[in-house]
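Asker: Protein chains in written order, with the working numbering: chain A, 327 to 506; chain B, 749 to 1190.
In this text, a Cβ means the ideal position worked out from N, Cα and C, and glycines have one as well.
Every value quoted in this text rests on a predicted model; they were computed, and no experiment measured them.
What follows is a single structure, and I will ask about it in a moment.
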Amino acid sequence: MSDPEQDTGAEGPATEGAEAPPTRYGVPLTESRGQAVLHPSRDELVDLVRTLRDDEGFGVCVDVTAVDYIAYGARRELPEGIEPQRYEVVVGLLCHGTAERLRLRVQVPGDDPTCPSLFDVHPGTEALEREVYDMFGIAFDGHPDLSRILMPEDWEGHPLRKDNPVGAIPVQFKGVQNAR
Amino acid sequence: MTATDLSRTGEGIQEMAPRKGAGAAELLRELGAVLRMSEADAAALAEQEPGDEEHTMILNMGPQHPSTHGVLRLMLELDGETVLRTKPIVGYLHTGMEKTAETLTYLQGPTNVTRMDYAAPLFNELVFSLATETLLGIEEEIPPRAQWIRMLLCELNRMSSHLLFLATNGLDLGAVSMMIYGWREREETLRLLEMITGLRMNHNFIRPGGVAADLPDGWRDATLRVLDLVEPRLQEYEVLMSGQPIWRERLQGVGVITAAEALALGATGPILRSTGVPWDLRKAAPYLYYDQVEFGVVVGSYGDCFDRYSIRLNEVRESMAIVRQILDRLPPGDYRIQDRKVTPPPRARIDESMEALIHHFKIFTEGFKVPEGEVYRAIESPRGELGCYIVSDGSARPYRMHIRGPSFVNLQSMPHMLRGGFIADAVAVISSVDPIMGEVDR
Chain A
327 MSDPEQDTGA EGPATEGAEA PPTRYGVPLT ESRGQAVLHP SRDELVDLVR
377 TLRDDEGFGV CVDVTAVDYI AYGARRELPE GIEPQRYEVV VGLLCHGTAE
427 RLRLRVQVPG DDPTCPSLFD VHPGTEALER EVYDMFGIAF DGHPDLSRIL
477 MPEDWEGHPL RKDNPVGAIP VQFKGVQNAR
Chain B
749 MTATDLSRTG EGIQEMAPRK GAGAAELLRE LGAVLRMSEA DAAALAEQEP
799 GDEEHTMILN MGPQHPSTHG VLRLMLELDG ETVLRTKPIV GYLHTGMEKT
849 AETLTYLQGP TNVTRMDYAA PLFNELVFSL ATETLLGIEE EIPPRAQWIR
899 MLLCELNRMS SHLLFLATNG LDLGAVSMMI YGWREREETL RLLEMITGLR
949 MNHNFIRPGG VAADLPDGWR DATLRVLDLV EPRLQEYEVL MSGQPIWRER
999 LQGVGVITAA EALALGATGP ILRSTGVPWD LRKAAPYLYY DQVEFGVVVG
1049 SYGDCFDRYS IRLNEVRESM AIVRQILDRL PPGDYRIQDR KVTPPPRARI
1099 DESMEALIHH FKIFTEGFKV PEGEVYRAIE SPRGELGCYI VSDGSARPYR
1149 MHIRGPSFVN LQSMPHMLRG GFIADAVAVI SSVDPIMGEV DR
């Protein structure tokens, strides 16, 4: 993390320059339909979530999901300096004290679909990360039991990836040799 | 962090291997993350683990067991009659609804999501509609009457969902008459919902832009009839169960979870409230007009199965209080937004206006386009925080739609409630989590 003196709890722009992009804990901050979104890198993610939990009261991780942007036609709204990648892991944090929500969008490249696990900070992400792994094939480093959760364990592929079109995948049955 | 890690993690078979004498490190990893346990505590716990000479047994419960509420499978590690580890195995009802949502227009979306939590379908429709409306930027323009009708339906649905819980909870614990009674009262609320929406379940009634139709004639009397009917019946339940020694013995002190554990595990709804945390999104982050009605947030203090039962029973009363306020305050007006780009024109207009006919045709064939962006909306379903995350690429179909199902996350608290308890209590704990597998597996 960067120097805490400079960024601690900075809600709006951290620096005085009017054109300086807003940050929080040194991480670019944007807004989407009035909802605060942070854009940490993969390396920053776990430390940021831990800092938010310990210092700012974001004690609950409500949601972990992902998006495959490979077929996204529109312009992606990302702050400057954030390189758009194929996958995005989306983490939802909630502060019970102020009912404030934060969303973290982490860019994950398509040729290296890994992301550090949040299990050690919020154990409640266990099943959610397994679901993301199952659906998108994004491996979470440090997850205690990364296995399929919704699909059958011998299923091939990751269904929510955009290169798995609806109806184009043969129905796979357990124990049947030639499904189609 | 390399791509090869993916192959190392493997598509591991969902098994729980028997183990002998789990070490402190293993226990620290397993429990410490949730309990914020120190290494010394973990070492002390490891001492109590069965050693090499003792035998634990892995027992499969479900997916066809009647008390697992559908198709939940639990792998239990037993030391005698004591449960040690539990692994819930889900996915038997997975039908790829999030994938399906990417091929449906926003108007068709509620038909899909309503089938997730089939005991509380209107909440799924509501959260999907709210997320779509936030993306469209028309949230402020939704007519008040539509919002009040949504609240009315949701609270009636919360009643029916909790009555279903009371029925199944009674059944699981051997209070079979309660099963019949709970079902009987739930049927009354479902009949009312059928009168209003046309269907008992999977209503597809709350849609982006408002609701599908105005309330039918006679809805007020029918609602009052149900309220007057259920009120004394709840008293009967109290006599039948709450005050009954056998019922208390089965539930009190069983499946205890602390507030810190529940928060760490992301548990919401009655599970979190049973630990004494007064967290209810209707109060904490009001949506619709929940800030204008008076109701209480029911909390427990022990975090056990009895608290969770009692919270749900009393939440039926709170919902009925909200419904009575809605009956008094329901404003006249439109039941959906009159924006021809979002909602279809009234049927009568189609006969006289070419433009209305075109709008009607376009909405039902192409759907309406939603500006690009992403949004997360959350509401309080009977089971906890129900969230919807939608990414739009500016087309008429969501680019990605994700539902954060409360049952899915709440299931993770089950191993911690079961640990150290008796196998006979497992049924009580499963029941008190009240998982709806359609929502878990989606």
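Within a Cβ cutoff of 7 Å, which residues of the same chain sit near Ala970 (chain B), ignoring the five residues on either side of it in sequence?
Answerer: Within the second sequence, residue 970 (chain B) is the residue found at index 222, counting from 1. Hits under 7 Å: Leu940 and Met943.
Asker: Which of the three DSSP states is assigned to Gly1024 (chain B) in this structure?
Answerer: For this step, residue 1024 (chain B) is matched to residue 276 along the second sequence. It is coil, neither helix nor strand.
Asker: What did DSSP end up calling Gln812 (chain B) once you bin it into helix, strand or coil?
Answerer: Walking along the second sequence from the start, residue 812 (chain B) turns up at place 64. Coil.
Asker: Among B:Pro1026, B:Ile1098, B:Glu1120 and B:Ile994, which has the Cα closest to the Cα of Tyr1147 (chain B)?
Answerer: Here the question's residue 1147 (chain B) lines up with position 399 in the second sequence. Comparing Cα-Cα distances from Tyr1147 (chain B) to each of B:Pro1026, B:Ile1098, B:Glu1120 and B:Ile994, the minimum goes to B:Glu1120.
Asker: Look at the alpha carbon of Leu911 (chain B) and the alpha carbon of Ile994 (chain B), and state the distance between them as a whole number of angstroms.
Answerer: Your numbering for residue 911 (chain B) matches position 163 in the second sequence. Your numbering for residue 994 (chain B) matches position 246 in the second sequence. The alpha-carbon atoms of Leu911 (chain B) and Ile994 (chain B) are separated by roughly 21 Å.
Asker: For Pro1183 (chain B), which residues of its own chain have a beta-carbon under 7 Å away from its beta-carbon, when the five flanking residues on both sides are left out?
Answerer: As a first step, residue 1183 (chain B) is located in the second sequence; it is residue number 435 there, counting from the start. Taken in chain order, the residues that qualify are His817, Leu820, Ser1155, Asn1158 and Leu1159.
Asker: Please check if any C-beta of chain A sits within less than 8 Å of the C-beta of Leu914 (chain B).
Answerer: Position 166 of the second sequence, counted from the first residue, corresponds to residue 914 (chain B). No, because no Cβ of chain A sits closer than 8 Å to the Cβ of Leu914 (chain B).
Asker: Have a look at Pro439 (chain A) and Val393 (chain A) and give me their C-alpha separation to the nearest angstrom.
Answerer: Here residue 439 (chain A) corresponds to residue number 113 of the first sequence, with the count starting at 1. Here residue 393 (chain A) corresponds to residue number 67 of the first sequence, with the count starting at 1. In a straight line, the C-alpha of Pro439 (chain A) is about 12 Å away from that of Val393 (chain A).
Asker: Quick one: give me the first and last residue of the beta strand (DSSP E) that Ala1126 (chain B) is part of.
Answerer: Indexing the second sequence from 1 puts residue 1126 (chain B) at position 378. Start and end: Gly1121 to Ser1129.
Asker: Measure the beta-carbon distance from Val875 (chain B) to Leu1134 (chain B) and round it to whole angstroms, keeping in mind my assumption that it falls under 8 Å.
Answerer: For this step, residue 875 (chain B) is matched to residue 127 along the second sequence. For this step, residue 1134 (chain B) is matched to residue 386 along the second sequence. Val875 (chain B) to Leu1134 (chain B), Cβ: 5 Å. Contact.
Asker: Would you report the Cα separation of Met690 (chain B) and Val416 (chain A), rounded to the nearest angstrom?
Answerer: No answer is possible for residue 690 (chain B): the residues shown for chain B start at 749 and end at 1190.
Asker: So that I know if they touch, is there some Cβ in chain B lying closer than 8 Å to that of Glu409 (chain A)?
Answerer: Start at 1 with the first residue of the first sequence, and residue 409 (chain A) comes out as number 83. No, no contact with chain B.
Asker: Whose C-beta lies closer than 8 Å to the C-beta of Gly1115 (chain B) among residues of the same chain, with five residues either side of it excluded?
Answerer: Within the second sequence, residue 1115 (chain B) is the residue found at index 367, counting from 1. These residues qualify, in order along the chain: Thr853, Tyr854, Leu855, Gln856, Ala1144 and Arg1145.
Asker: Looking only at DSSP bridge pairs, what is Ala392 (chain A) linked to?
Answerer: Position 66 of the first sequence, counted from the first residue, corresponds to residue 392 (chain A). According to DSSP, Ala392 (chain A) bridges with A:Val415.
Asker: Could you check whether the Cβ of Tyr398 (chain A) sits closer than 8 Å to any Cβ belonging to chain B?
Answerer: The residue labelled residue 398 (chain A) in the question sits at position 72 within the first sequence. Yes, contact with chain B.
Asker: Leaving out the 5 sequence neighbours to the left and right, which residues in its chain are closer than 7 Å to Arg998 (chain B) when beta-carbon positions are compared?
Answerer: One-based indexing of the second sequence puts residue 998 (chain B) at position 250. The residues are Leu921 and Ala1176.
Asker: Should Phe913 (chain B) be labelled buried (16 or more other beta-carbon atoms within 10 Å of its own) or exposed?
Answerer: Indexing the second sequence from 1 puts residue 913 (chain B) at position 165. Buried.
Asker: Kindly list, in the order they appear in chain A, the residues whose Cβ is closer than 9 Å to that of Val1071 (chain B).
Answerer: Translated into the one-based positions of the second sequence, residue 1071 (chain B) becomes position 323. In chain order: nothing, as chain A lies at least about 25 Å away.
Asker: Under 7 Å Cβ to Cβ from Thr1091 (chain B), same chain only, skipping five residues before and after it: list those, please.
Answerer: Residue 1091 (chain B) sits at position 343 when you count from the first residue of the second sequence. For Thr1091 (chain B), where only same-chain residues beyond five positions count, the Cβ hits under 7 Å are Gly957, Gly958, Arg1084 and Ile1085.
Asker: Unbroken alpha helix (DSSP H) runs of length 4 or more, entirely within the segment 835–890 of chain B: which are they?
Answerer: Fully enclosed alpha helix (DSSP H) runs of 4 or longer: 845–849, 857–861 and 869–884.
Asker: I'd like to know whether the C-beta of Phe1043 (chain B) is nearer than 8 Å to at least one C-beta of chain A.
Answerer: On the second sequence, position 295 is the one that residue 1043 (chain B) refers to. Output row for Phe1043 (chain B): interface = no.
Asker: Can you give me the C-alpha to C-alpha distance between Met960 (chain B) and Asn952 (chain B), rounded to a whole angstrom?
Answerer: Mapped onto the second sequence, residue 960 (chain B) falls at position 212. Mapped onto the second sequence, residue 952 (chain B) falls at position 204. The sequence shown places Ala at residue 960 (chain B), rather than the Met named in the question. Approximately 8 Å, taken between the alpha carbons.
Asker: Residues of chain B with a CB under 9 Å from the CB of Gly468 (chain A): which are they?
Answerer: Here residue 468 (chain A) is taken as the residue at index 142 of the first sequence, counted from 1. Simply none; closest approach about 10 Å.
Asker: Where Ala867 (chain B) and Ile408 (chain A) are concerned, what is the direct C-alpha to C-alpha distance, given to the nearest angstrom?
Answerer: Taking the second sequence and counting its residues from 1, one reaches residue 867 (chain B) at position 119. Taking the first sequence and counting its residues from 1, one reaches residue 408 (chain A) at position 82. If you take the alpha carbons of Ala867 (chain B) and Ile408 (chain A), they lie about 42 Å apart.
Asker: Which of the three DSSP states is assigned to Ser358 (chain A) in this structure?
Answerer: The residue you call residue 358 (chain A) lines up with position 32 of the first sequence. Ser358 (chain A): strand per DSSP, three-state reduction.
Asker: How would you list, in chain order, the residues of chain A whose beta-carbon sits under 9 Å from the beta-carbon of Leu1193 (chain B)?
Answerer: Only positions 749 to 1190 of chain B appear in this structure, which leaves residue 1193 (chain B) out of reach.
Asker: Which of the three DSSP states, helix, strand or coil, is assigned to Asp426 (chain A)?
Answerer: On the first sequence, position 100 is the one that residue 426 (chain A) refers to. Residue 426 (chain A) is actually Glu in this sequence, not Asp. The answer is strand: DSSP assigns Glu426 (chain A) an E or B state.
Asker: Use the C-beta contact count for Arg1125 (chain B): other C-beta atoms within 10 angstroms, 16 or more gives buried, fewer gives exposed.
Answerer: Walking along the second sequence from the start, residue 1125 (chain B) turns up at place 377. With 16 or more Cβ atoms within 10 Å of its Cβ, Arg1125 (chain B) is classed as buried.
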